[in-house]
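Only one structure is covered here, and it is reproduced in the block below.
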Amino acid sequence: MTNTSVLLEIRNLHAGIAGKEILKGLNLTVAAGQVHAIMGPNGSGKSTLASVLAGKNDYEVTDGEIIFNGKNLLDFSPEDRAREGVFLAFQYPVEIPGVSNINFLKTAVNEIRKYKGLEPMDAKSFLARVKECQNLVEFDAKLTGRSLNEGFSGGEKKRNEIFQLAMLEPMLGILDETDSGLDIDALKIVAQGVNKLRSAERSFMVITHYQRLLDYIIPDVVHVLFEGKIVKTGTKELAKELEVRGYDWVKELGTESLTR
Amino acid sequence: MNNDKELLEAIPESDYKYGFSTDIEMDMAPIGLTEETVRFISAKKNEPEFLLEWRLKAFAHYQTLAMPSWQYFPMPEFDFQAISYYAAPRRKPELKSLDEVDPELLDTFKKLGIPLVEQMMLSGVAVDAVFDSVSVATTFKAKLNEMGIIFCSFGEAVQNHPELVRKYLGTVIPYTDNIFSALNAAVFSDGSFAYIPKGVRCPMELSTYFRINAMNSGQFERTLIIADDDSYVSYLEGCTAPQRDENQLHAAVVELVAHDRAEIKYSTVQNWYPGDKEGKGGIFNFVTKRGICAGHSSKISWTQVETGSAITWKYPSVILKGDYSQGEFYSVAVTKNKQVADTGTKMVHLGKHTRSRIISKGISAGQGNNNYRGLVRVSSNADYARNFTQCDSLLIGDKCSANTFPYIESKNSTATIEHEATTSKIGEDQIFYCNQRGISSENAAALIINGYCKEVLNQLPMEFAVEAQKLLAITLEGSVG
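Chains A and B are the protein sequences, given in the same order.
Counting along the first sequence from 1, when you hit position 147 you're at 147 in our numbering, and nothing is skipped either side.
Start counting at 1 in the second sequence, then tack on 260, and there's your number in our numbering.
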């Protein structure tokens with residue numbers, strides 16, 4: 001792996017919320033085009049990692065650095081991180097009543113374009129793109145016109161996240177427990193959507209409790225997060241091993257301080 | 261890290277954009293309020309005897325009344341004797357065209373974005389422009405005349421159609437209704453009048469722009485709209501006022517009468533000067549608005565977007581007298597800094613199968629206080645009356661307040677009454693979600709607020725909806741940067 005192909009490098013990241021440290025020296029390197037799975041028991045810091053990458057206000061970074069595409073990500077506001085190509089598929093997508101999905105996306109697409117010095121997308125191209133992405137992730141066209149996530153089922157909300165990901169074309173897609181609350185059919189559709197969006201330039205960070213999702217989104221690398229650190233890194237086989245041996249095994253690993 | 265919090269605090273602080281005043285010689289009434297003042301105004305307006313008598317009766321009644329005490333805000337002290345009750349821009353007698361209007365006055369309208377000349381040429385909107393108290397220009401009158409539609413200043417209606425004024429004046433809101441309706445009846449200086457004859461669908465939106473200008477002069481407008489059988493009219497009222505340190509009282513009265521199968525749509529965008537960040541200055545907007553669905557299957561719809569005034573205190577209401585008549589009330593009220601809004605509606609169901617719908621959206625920011633107060637009353641004769649009420653409050657920041665005071669009185673067991681209410685905050689979660697999609701916090705707030713108000717804004721005529729959206733955006737502009 002040459003240095004230029006590294007998309008994300010997290011070094012010795014310490015971060016927490018309300019004075020409580022959750023990430024305690026996390027190191028992680030994601031190459032362009034790779035899919036990394038982050039697994040770990042409840043409270044290990046998976047969602048904190050996602051939130052810190054996206055720049056959520058409540059979280060405070062006390063040490064370490066995050067280099068994204070050669071830039072210091074921590075210098076950027078949440079909106080600028082998004083414009084730089086970080087996309088977070090939320091575990092609990094919010095509802096915004098009265099704001100249509102399509103209007104929301106148009107605002108987002110054009111703000112990102114403006115940041116990149118591009119003209120706003122004209123209505124025709126935008127609608128063509130909407131149609132293309134709807135098909136790509138099998139997103140119901142009816143939902144596109146409805147208020148953002150309002151009255152959507154859990155599955156529809158998660159699919160909407162992937163639809164938005166397709167529309168905004170990020171360099172890094174972070175899926176924060178996107179599989180939670182999905183039945184097997186919805187899970188397959190979401191996974192297929194993600195697989196279609198994989199490319200040589202685009203990386204994914206798939207955060208999940210369960211190995212199940214990884215049957216459909218095959219990761220290049222699997223990390224086990226425990227007590228704020230990566231305690232084990234391996235291939236997709238590691239996910240299977242976790243499934244069998246459970247997280248107690250990880251906890252033992254953690255206490256042995258087998259960190260990278 | 262406190263981006264959102266800063267934003268939420270910055271929103272309420274955007275300054276009033278229309279703070280300027282013009283310098284035009286005023287024709288003022290002596291300061292104070294006595295029977296002589298009432299006679300002075302009536303004489304100035306060259307009014308017929310019946311109107312003077314009515315004013316005097318109203319004045320006598322006014323003197324017996326005290327200020328109400330049921331409102332949910334501290335009532336400011338008023339010295340009714342310190343106000344001049346009549347101010348008219350000086351003008352040449354008998355203006356025949358806009359060319360004869362004081363150029364400075366026209367310039368004021370231009371600053372407000374109301375170029376009358378352009379409006380005459382470009383749009384289908386007839387404008388009866390009220391500058392302070394006297395109408396200075398009325399457009400499209402001829403065209404409307406052809407259809408038998410009367411649209412003019414109240415003063416002109418008194419001169420040219422005294423029989424209509426006499427027949428309807430005070431029939432919906434008697435001067436005995438409340439202290440401000442009594443005061444208005446005694447000293448009203450001008451306003452607008454519209455009469456739509458039988459079977460006529462008014463082809464354009466009728467609109468009036470109000471503006472307070474004279475220092476220390478209360479403005480007492482009076483509007484009367486009558487829609488005869490099978491007619492339709494949409495009326496727009498919008499206002500911005502110049503910046504002032506002195507509190508100014510605005511106590512207008514609006515009466516609507518809808519006969520058989522007639523429909524009146526009355527839309528308001530209100531942006532009076534709200535006072536500074538400390539709550540100093542600002543307009544007291546104490547308005548009595550009521551319509552009567554007098555006829556079978558008639559309909560009255562109120563839509564209001566209230567962003568201005570130090571205190572907004574009004575309840576545009578509908579008396580549903582005719583069987584199968586319908587009343588609607590759509591409202592967005594924004595309070596920021598130390599603004600107060602105590603607004604809502606009264607739907608009084610008298611006729612059978614009458615229906616009413618109330619959609620109220622309150623937005624409270626800064627230390628704003630936003631109250632919905634509504635009454636749904638179903639009388640014993642109003643069989644199968646229906647009401648639906650939705651009453652939502654949106655809070656921005658943690659120093660504001662929102663309250664809901666819904667009153668429901670039903671004396672008929674066949675009535676169906678529904679009430680829904682929600683309170684929400686523009687959550688940091690919502691803003692963060694938008695941020696995460698590349699949307700700035702400012703645009704996120706605008707998106708969320710426009711989405712929240714959509715149901716009401718959709719009720720406005722197209723050009724007004726755009727204006728209202730702009731107004732909401734301007735109100736939010738403090739969040740820039």
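By construction, the Cβ of each residue, glycine as well, lies at the ideal position given by its N, Cα and C atoms.
These numbers come from a predicted model, not from an experiment.
In chain order, which continuous runs of the beta strand (DSSP E) of length 3 or greater are located wholly inside the region 126 to 200 of chain A? 172 to 176
Which whole-angstrom value describes the C-beta separation of T563 (chain B) and L325 (chain B), a residue pair presumed to lie in contact below a C-beta threshold of 8 Å? No, T563 (chain B) and L325 (chain B) are not in contact; Cβ-Cβ is about 30 Å, not under 8 Å.
Local Cβ density within 10 Å of T548 (chain B), reported as buried at 16 or more and exposed below that: buried
Quickly, what does DSSP pair R212 (chain A) with across the bridge? List them, please. None, per the DSSP bridge assignment.
Contact between the region 516 to 534 of chain B and the region 486 to 498 of chain B: three or more CB pairs below 8 Å? yes
First and last residue of the uninterrupted beta strand (DSSP E) at V109 (chain A): Run containing V109 (chain A): none in the beta strand (DSSP E); it sits in the alpha helix (DSSP H), 101 to 115.
Quick check on DSSP: helix, strand or coil for L325 (chain B)? coil
CA nearest to the CA of I410 (chain B), picked from B:L484, B:G628, B:W330, B:T572: B:L484
So is the beta-carbon of W330 (chain B) under 7 Å away from any non-hydrogen atom of the ligand HEM? Among the components of this structure there are no ligands whatsoever, and the ligand HEM is therefore not found.
I need the straight-line Cα distance from D220 (chain A) to K236 (chain A), nearest angstrom please. 7 Å
Please confirm whether D536 (chain B) and W573 (chain B) have their CB atoms less than 8 Å apart. no
Mind checking whether N444 (chain B) and F480 (chain B) have CB atoms under 8 Å apart? yes
Does the beta carbon of Q503 (chain B) come closer than 8 Å to any beta carbon on chain A? Because Q503 (chain B) sits at a pLDDT of 48, beneath the cut-off of 50, its placement in the model cannot be relied upon, and the point is left open.
What does T107 (chain A) reach in chain B if we use C-beta pairs closer than 7 Å? I699, N703, L707
Would you identify the three-state DSSP class for I456 (chain B), choosing helix, strand or coil? strand
Ends of the beta strand (DSSP E) at H586 (chain B)? The sequence given here places Gln at residue 586 (chain B); His does not occur at that position. Here the beta strand (DSSP E) through Q586 (chain B) covers 586 to 595.
Roughly how many angstroms lie between the CA atoms of F448 (chain B) and I433 (chain B), to the nearest whole one? 14 Å
With 16 other Cβ atoms within 10 Å as the buried cut-off, status of N718 (chain B): exposed
For K20 (chain A), return the contacting residues in chain B, with the cut-off set at a CB-CB distance below 9 Å. Ordered by position in chain B, no residue passes the 9 Å Cβ test against K20 (chain A), which lies about 16 Å from the chain.
Given 8 Å, three or more beta-carbon pairs between the region 641 to 658 of chain B and the region 669 to 676 of chain B: yes
Quick check on the burial criterion: 16 or more other C-beta atoms within 10 angstroms. Buried or exposed for L732 (chain B)? buried
So that I know if they touch, is there some Cβ in chain A lying closer than 8 Å to that of N695 (chain B)? yes
Look up V94 (chain A) in the DSSP assignment and say whether it is helix, strand or coil. coil
Name the chain A residues that come within less than 9 Å of Q690 (chain B), Cβ to Cβ? V94, E95, I96
Could you give the C-beta distance for I207 (chain A) and R159 (chain A), rounded to a whole number, given that I count them as a contact under 8 Å? Between R159 (chain A) and I207 (chain A) the Cβ distance is about 17 Å, and since that is not below 8 Å, they are no contact.
How many whole angstroms separate the CB atoms of V222 (chain A) and A239 (chain A), which I take to be in contact at a CB cut-off of 8 Å? 5 Å
Proximity to E423 (chain B) [Cα-Cα], best of B:Y455, B:I691, B:T614: B:Y455
Measuring only between beta-carbons, confirm whether G622 (chain B) sits less than 8 Å from chain C. Among the protein chains in the structure shown, which are A and B, there is no chain C.
With H, G and I counted as helix, E and B as strand and the rest as coil, what does DSSP make of V600 (chain B)? strand
Let me make sure I understand the geometry here. Which of B:G541, B:K612, B:M335, B:A518 has the alpha-carbon closest to that of R637 (chain B)? B:K612
Could you tell me which residues DSSP pairs with A37 (chain A) in its beta bridges? A:V206, A:V222
Just verifying my parser: in three-state terms, what is the DSSP assignment at V726 (chain B)? helix
Bounding residues of the alpha helix (DSSP H) (the contiguous stretch that carries C713 (chain B)): 701 to 717
Counting only beta-carbon separations shorter than 8 Å, does K671 (chain B) have a partner in chain A? no
Give the single residue among A:G117, A:I17, A:R11, A:T29 whose Cα lies nearest to the Cα of S5 (chain A). A:T29
Let me know the secondary structure DSSP gives T48 (chain A) once reduced to three states. helix
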